[in-house]
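Once you know that position 196 of the sequence shown is 200 in my numbering, the rest is easy, because the numbers rise by one and skip nothing. Quick reminder that beta carbons are idealized off the backbone N, C-alpha and C, glycines included. Note that the coordinates shown come from a computational prediction; the quantities given were computed from them, not determined experimentally.
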Amino acid sequence: DDSVELFAQRARLLHPAFEIGASNEEDVREICRRVDGLPLAIELAAARIRVLPPRELRERLDDRLSLLTGGPRDLPARQQTLRETIEWSVNLLETHEREVLARLAVFPGGAALRSAETVCGANVDTLGSLVDDHLVDRDQSAREPEPRFRMLETIREYAFELLGDERPKIELAMARHLADLVDAVELEARVSAEALSRLDPEIDNVRVALDACARFGDAELGLRLAGSLWRYCWVRGIAAEGLQRIEQALTAGGAQATVPRARALQGGAGLAWSLGDFAQAKGLAHEALVVAAEAGSLWDEMAANTVLGVVANNEEDREAARTHHRRSIELGERQGLEPLAQKLNLAIVALDSGEPEEAKALLEDVLDHHRAAGNVQGMGFALLNLGVAHHALGDHKGSLQVFQEARDRFEAVGFRAHVAHATQGFAAFEASEGRFERAARLLGSARVELDETGSPENDFAGEMVAWTKQRAREALGDEAFEAAYAAGSLAEY
C-alpha cells in the first residue's frame with residue numbers, strides 16, 4: 005500500500021488528474037511489485053504516466069532498466085536512472101564479486117549456498133560482501149537446511165547483462181548441478197515423498213536449466229533432468245508441464261538406448277496416465293520397456309510395466325493388468341525390492357473386479373509395511389484404496405475414518421490430486437448417510453482441485469464416485485444437484 009501511495013503521489017506531480025481506481029489499481033500494484041517496491045524505481049515508473057497509462061506501462065516493464073529513466077534533476081547523476089543507480093553500486097565491487105553477482109543471476113529462484121559455491125565459484129566471504137552491499141539478500145527459512153541467496157528482479161536483470169558470453173557455460177553448469185540434485189531427490193522420493201520438498205525452492209531454476217539444455221544443445225542433460233523430474237510434477241499437480249518438458253527432451257535427445265531416455269519414457273508414461281491420456285501412456289510405456297531392457301535398467305522396466313498395468317485396469321482389461329503387475333513384482337524382486345506398490349496395484353484390480361475382501365487384505369498388509377517404514381505417501385495410497393474397500397463392503401463409517409487419515413497423509417506431502425480423491429471419499433460417506441446436498445458440494449470441491457491439477461474426475465474409484473453422484477442426483481433432482489455441485493468448496497468440510 006505504501007508503494008501504491010508513493011506511485012500515486014509522484015504521478016500526480018506530473019498529471020494532477022491522476023487517480024487510482026478500479027480500472028487501474030491492479031496495474032499499479034503489479035508495476036510496484038515488478039520493480040521490487042524500490043522507491044527510486046517507483047518514482048521513475050510514475051514519471052512515465054505523462055505518456056503511458058498504467059496498463060501500457062505494466063506491459064512494457066519487461067525491460068525495466070531501459071524504461072525507468074528520467075529521475076528528478078536535483079538527484080546525483082548516479083540516481084537519474086535505475087540502471088545508473090545499480091551500476092554505481094556494482095562498479096564499487098571487486099572483480100570476483102562482480103563475477104559472482106553475474107553468475108547468481110541465472111538462478112531466478114535464488115541459489116542455495118552449495119549451488120552458489122558449485123556453479124558461481126562463490127565463497128562465504130564474497131557472498132557476505134554482496135549481502136552487505138545490499139545487492140543480494142540472504143534468506144533462510146525453517147524448512148531449508150542452508151541459506152539461500154536472492155536478488156531483487158531489477159538487480160538480477162542488470163547482473164544478467166554482466167554475464168555476457170559466460171551465459172551458456174554457467175546455465176549448463178547450473179543444469180548439471182540441478183540434475184544431480186533431482187536425481188538424488190527422485191531416489192529418496194521412491195521411499196519418502198517428503199524428499200520432494202527439497203525441489204520446491206528450485207523449480208523456477210529447473211525451468212531455466214531445461215531451457216538452457218535446449219538452447220545450448222545439451223540434449224542428454226535435458227533428458228536426464230526432465231526424466232527425473234516426473235515424480236515431482238505428478239505429486240505437485242503440474243503433470244501437464246512435466247509431460248511437455250519430457251516430450252521436448254525426448255524429441256531433442258535422439259533414439260539412443262540410455263537410462264535417462266528410459267527414465268523419461270516411463271516417467272512421461274506415468275504423467276500421461278495421470279492426465280487421462282491412456283493411448284499416449286501405453287505408447288511411451290511400451291517404448292520404455294524396449295529402451296530399459298537395452299539399457300539394462302530393471303527399475304525403469306519395472307515402472308513401465310506398472311504404468312501398463314494401471315492403464316489396462318482403467319481400460320477394464322483385468323487379466324492384462326494382473327500380468328503387468330506380476331511382471332513388475334518379478335522385476336522388483338530381482339532388485340531386492342519389497343513389491344508394495346505392485347501389491348497395491350493388484351489390490352486396485354481386485355477392487356475393480358468386485359473382490360473387496362481380497363483387496364482389503366492386500367491393502368492392510370501394504371499399509372502395515374508403510375507404517376513400519378514411516379512412508380507417509382505410501383500410507384496415503386494404501387489408506388485411500390482401503391477406504392474404497394470399506395465402502396464396497398458397506399462399512400461407511402470405517403471408510404470415513406480411513407479417508408480422513410488418507411487426506412492428512414497426502415496433505416503432509418503436498419499431493420493435491422489425492423487430497424481431492426479423499427474428498428470424493430467424504431462425499432461417498434455423506435451420500436451413504438443421506439446428506440445428499442453435502443455430498444454434491446464435496447464432489448464439486450474435489451472437481452475444482454482435480455481440474456487445477458489436470459487430473460480426470462474419474463481417475464480414482466470411478467464406481468464409488470458414480471454411485472455417489474447418482475444417489476445425490478436422484479435425491480436432490482438435477483437442478484439442486486448442479487447448484488450444490490457448483491458451490492463446492494474444499495474449505496467447508
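Please report the straight-line C-alpha distance between residue i and residue j, rounded to a whole angstrom.
i: G300; j: A177; result: 28 Å
i: G226; j: A256; result: 9 Å
i: R87; j: Y162; result: 7 Å
i: P343; j: A479; result: 43 Å
i: E2; j: R420; result: Beyond the ends of the chain as shown, which are 5 and 497, falls residue 2; an answer cannot be given.
i: L56; j: E165; result: 26 Å
i: Q252; j: L233; result: 14 Å
i: R322; j: L312; result: 11 Å
i: A308; j: G274; result: 8 Å
i: R14; j: G168; result: 35 Å
i: V32; j: E23; result: 11 Å
i: V239; j: N318; result: 20 Å
i: I53; j: N28; result: 12 Å
i: L254; j: A223; result: 8 Å
i: L490; j: T457; result: Before going on, a small fix: residue 490 reads as Ala here, not Leu. For A490 and T457, the distance between alpha carbons rounds to 18 Å.
i: A396; j: A285; result: 29 Å
i: R180; j: G287; result: 29 Å
i: V104; j: Y236; result: 30 Å
i: G402; j: K364; result: 12 Å
i: E150; j: R142; result: 10 Å
i: L42; j: L108; result: 20 Å
i: G466; j: G358; result: 13 Å
Could you tell me the boundaries of the beta strand (DSSP E) in which residue i lies?
i: R118; result: Unbroken run through R118 is the alpha helix (DSSP H), L117 to C124; no beta strand (DSSP E).
i: D281; result: Counting along the chain, D281 falls outside any beta strand (DSSP E), and DSSP gives it neither H nor E.
i: R152; result: R152 to R154
i: R142; result: D141 to D143
Return the residue from the list the options that minimises the CA-CA distance to residue i.
i: L48; options: I352, V315, T158 and L229; result: T158
i: V39; options: L18, S27 and M155; result: M155
i: E362; options: D372, K286 and A393; result: A393
i: A354; options: E334, N379, L335 and A324; result: A324
i: A476; options: A432, T262 and Q284; result: A432
i: F414; options: D356, H425 and K286; result: H425
i: R442; options: F485, E101, S459 and R180; result: F485
i: A459; options: H422, Q474 and R439; result: Rather than Ala, the amino acid found at residue 459 in this sequence is Ser. Of the listed residues, the one whose Cα sits closest to S459 is H422.
i: D281; options: R160, C36, V315 and S332; result: V315
i: A268; options: E320, E305 and R16; result: E305
i: D204; options: L366, R152 and V8; result: R152
i: L302; options: A120, A183 and I333; result: I333
i: L335; options: F440, A351, E175 and T310; result: T310
i: T122; options: I174, R160 and A106; result: I174
Can you name the start and end residues of the alpha helix (DSSP H) that residue i belongs to?
i: F11; result: D6 to L18
i: F433; result: R420 to S436
i: D187; result: R171 to A193
i: D463; result: Element bounds for D463: n/a, residue is neither H nor E.
i: S196; result: From DSSP, S196 is part of no alpha helix (DSSP H); its letter is neither H nor E.
i: S403; result: H400 to V417
i: D208; result: I207 to R219
i: S449; result: F440 to T457
i: F485; result: D482 to A490
i: Q339; result: Segment: none, Q339 is in no alpha helix (DSSP H) and carries neither H nor E.
Please classify residue i as buried or exposed, where buried requires at least 16 other C-beta atoms within 10 Å of its C-beta.
i: Q260; result: exposed
i: H374; result: buried
i: V295; result: buried
i: G429; result: buried
i: Q270; result: buried
i: Q346; result: buried
i: G378; result: exposed
i: E206; result: buried
i: A21; result: exposed
i: D136; result: exposed
i: R118; result: exposed
i: G25; result: exposed
Please decide whether residue i counts as near chain D, where near means a Cβ-Cβ distance under 8 Å.
i: D304; result: You won't find chain D in this structure, because it holds only one protein chain.
Exercise. Using 8 Å as the Cβ pair cut-off and three pairs as the minimum, do the region 464–474 and the region 282–291 touch?
Worked result: Contact fails: fewer than three Cβ-Cβ distances are below 8 Å.
Problem set entry | the region 407–414 in contact with the region 375–389 per 3-pair CB rule at 8 Å | yes
Exercise. Three or more C-beta pairs closer than 8 Å, one from the region 98–116 and one from the region 207–222: is that the case here?
Worked result: yes
For this session: Evaluate contact between the region 328–342 and the region 445–462, counting only Cβ atoms and requiring at least three cross-stretch pairs below 8 Å.
Result: For the pair of segments examined, the region 328–342 was found not to touch the region 445–462: the number of CB pairs separated by less than 8 Å stays below three.
For this session: Determine contact between the region 234–244 and the region 215–222, defined as no fewer than three beta-carbon pairs at a distance below 8 Å.
Result: Put simply, the region 234–244 does not touch the region 215–222. Fewer than three CB pairs are less than 8 Å apart.
Problem set entry | Contact between the region 186–199 and the region 91–98 (3+ Cβ pairs under 8 Å) | no
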